[in-house]
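Undergrad: Encoded as structure tokens, here's the structure I'll be asking about.
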């Protein structure tokens with residue numbers, strides 16, 4: 001019986017080994033001398049092979065990255081496990097030096113609550129019918145879908161990442177239908193694209209959002225006052241954490257693709273755009289998205305890397321200006 005162990009780019013075949021190992025060989029000799037049946041002999045030989053395989057595996061795992069066991073044609077096991085900077089950093093750096101994909105940021109049309117002029121950000125009810133698109137919101141989302149088609153966003157296919165908030169997912173379905181994209185390309189996002197939780201502002205008039213933006217302009221760490229019904233009260237920084245996690249997933253999962261991000265509100269998108277383009281997060285409201293608005297973000301929108309203090313700098317990113 002033989003086994004293959006893979007490590008450091010080479011395959012090691014573990015089979016019956018004839019090298020003398022005292023204990024196991026002694027057992028084999030005793031079995032042979034006493035005339036035991038062939039089945040027992042095979043069992044002991046298999047046990048010997050397993051022990052040697054385990055030893056080889058342990059040795060491979062303990063070898064350093066510079067060991068001479070690797071060949072020129074085969075990458076080391078450490079190289080195979082380390083795929084670019086994402087595996088080392090975990091989260092995307094904001095602003096990123098470059099983007100692997102092109103992104104289309106879409107705000108869904110107005111919900112029934114928004115049409116009534118009421119703030120509603122509690123995620124508990126995000127899949128309710130009342131959180132879905134209003135008749136006006138349907139028209140706004142359809143307009144966004146047509147704009148994406150005019151922009152050629154999905155000419156070579158695309159991925160649509162909506163929040164599972166009812167209005168965002170309904171908008172994603174409209175986008176898929178109008179752009180002839182199969183529903184298998186809709187990837188629902190369960191938490192990172194939730195509408196920004198506004199805490200004690202829940203249930204108040206939409207005009208009260210101006211007070212939140214005034215607090216944001218003072219500090220991106222300021223949270224709205226908490227509320228008693230469990231509605232989250234998120235600062236700009238809290239939202240930034242969520243959208244950074246989303247972008248980290250997208251940048252490691254896709255390469256050279258078009259990704260349509262559909263958010264139920266403006267703040268997710270304005271904070272994301274500010275972070276990607278290196279703008280002041282406290283002024284994210286200046287980038288506010290209207291219902292049904294679409295914006296494209298790619299490498300041309302990223303800020304140029306800052307030169308080193310020494311003045312000696314070699315730009316290695318595609319967005320240098």
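Residue numbers (UniProt numbering): 1 to 321.
From the three backbone atoms N, C-alpha and C, an ideal C-beta is built for every residue, glycine too.
Remember, predicted model here, so these are calculated numbers, not experimental data.
1) Does the Cβ of residue 231 have 16 or more other Cβ atoms within 10 Å, making it buried, or fewer, making it exposed?
2) Should residue 145 and residue 178 be called a contact, given that it needs their Cβ atoms to be closer than 8 angstroms?
3) So is residue 211 buried or exposed if we call it buried at 16+ other beta carbons inside 10 Å?
4) Could you work out which residue in 291, 237, 300 and 258 is closest to residue 282 when comparing CA atoms only?
5) Identify the continuous alpha helix (DSSP H) that holds residue 175 and give its terminal residues.
6) Less than 7 angstroms between C-beta atoms, sequence neighbours within five positions excluded: which residues of the same chain meet that for residue 128?
7) For a quick check, are the C-beta atoms of residue 109 and residue 140 less than 8 angstroms apart?
8) To the nearest angstrom, how far is the alpha carbon of residue 113 from that of residue 123?
9) Please report the residue range of the alpha helix (DSSP H) in which residue 103 lies.
10) Is DSSP giving residue 18 helix, strand or coil here?
11) Could you tell me the boundaries of the alpha helix (DSSP H) in which residue 248 lies?
12) Do you know whose CA, among 258, 132 and 285, lies nearest residue 151's CA?
13) Are three or more beta carbon pairs between the segment 157 to 173 and the segment 182 to 197 nearer than 8 angstroms?
14) Got a sec, what are the start and stop residues for the beta strand (DSSP E) residue 261 sits in?
15) What's the gap between the Cα of residue 284 and the Cα of residue 274?
16) According to DSSP, is residue 116 helix, strand or coil?
17) Output the distance between the C-alpha atoms of residue 301 and residue 97, rounded to the nearest integer angstrom.
18) Taking residue 266 as the reference, give the member of 287, 260 and 252 with the closest Cα.
19) Just to confirm before moving on: does the CB-CB distance between residue 268 and residue 239 stay below 8 angstroms?
TA: Considering the structure as presented:
1) Here the question's residue 231 lines up with position 231 in the chain shown. It is buried - the Cβ of residue 231 has at least 16 other Cβ atoms within 10 Å.
2) As a first step, residue 145 must be located in the chain shown, where it is residue number 145. As a first step, residue 178 must be located in the chain shown, where it is residue number 178. The criterion of a C-beta distance shorter than 8 angstroms is satisfied by residue 145 and residue 178.
3) On the chain shown, residue 211 is found 211 positions in, with the first residue counted as 1. In this structure residue 211 is exposed. Its beta-carbon is surrounded by fewer than 16 other beta-carbon atoms within 10 angstroms.
4) By one-based count along the chain shown, residue 282 stands at place 282. For the residues 291, 237, 300 and 258, the minimum Cα distance to residue 282 belongs to 237.
5) As a working mapping, residue 175 is identified with position 175 in the chain shown. 166 to 178 is the span of the alpha helix (DSSP H), which, as asked, contains residue 175.
6) Along the chain shown, one-based indexing puts residue 128 at 128. For residue 128, same chain residues with a beta-carbon under 7 angstroms away, outside a window of 5 residues either side, are 166 in chain order.
7) The sequence position of residue 109 within the chain shown is 109, counting from 1. The sequence position of residue 140 within the chain shown is 140, counting from 1. Result yes, Cβ atoms of residue 109 and residue 140 sit closer than 8 angstroms.
8) In the chain shown, counting from the first residue as 1, residue 113 sits at position 113. In the chain shown, counting from the first residue as 1, residue 123 sits at position 123. Their Cα atoms are separated by approximately 13 angstroms.
9) Residue 103 sits at position 103 when you count from the first residue of the chain shown. Not the alpha helix (DSSP H): residue 103 falls in the beta strand (DSSP E), residues 102 to 107.
10) Numbered from its first residue, the chain shown carries residue 18 at position 18. Per-residue confidence for residue 18 stands at a pLDDT of 47, beneath the threshold of 50, marking its modelled position as unreliable; no derived number is given.
11) Within the chain shown, numbered from 1, the residue matching residue 248 stands at position 248. Start and end: 236 to 253.
12) As a working note, residue 151 is residue 151 in the chain shown. Closest option to residue 151, Cα to Cα, is 258.
13) Between the segment 157 to 173 and the segment 182 to 197, the count of Cβ pairs shorter than 8 angstroms is three or higher; the stretches touch.
14) For the purposes of this step, residue 261 is taken as the residue at position 261 of the chain shown. Residue 261 -> beta strand (DSSP E) spans 258 to 263.
15) Locating residue 284 in the chain shown gives position 284, where the first residue counts as 1. Locating residue 274 in the chain shown gives position 274, where the first residue counts as 1. The alpha-carbon of residue 284 is positioned some 6 angstroms away from that of residue 274.
16) The residue you call residue 116 lines up with position 116 of the chain shown. DSSP places residue 116 in coil when its eight states are reduced to three.
17) The residue you call residue 301 lines up with position 301 of the chain shown. The residue you call residue 97 lines up with position 97 of the chain shown. In a straight line, the C-alpha of residue 301 is about 11 angstroms away from that of residue 97.
18) For this step, residue 266 is matched to residue 266 along the chain shown. Selection 287, 260 and 252 evaluated against residue 266 yields 287 as nearest (Cα-Cα).
19) As a first step, residue 268 is located in the chain shown; it is residue number 268 there, counting from the start. As a first step, residue 239 is located in the chain shown; it is residue number 239 there, counting from the start. Remark: C-beta atoms of residue 268 and residue 239 approach each other more closely than 8 angstroms.
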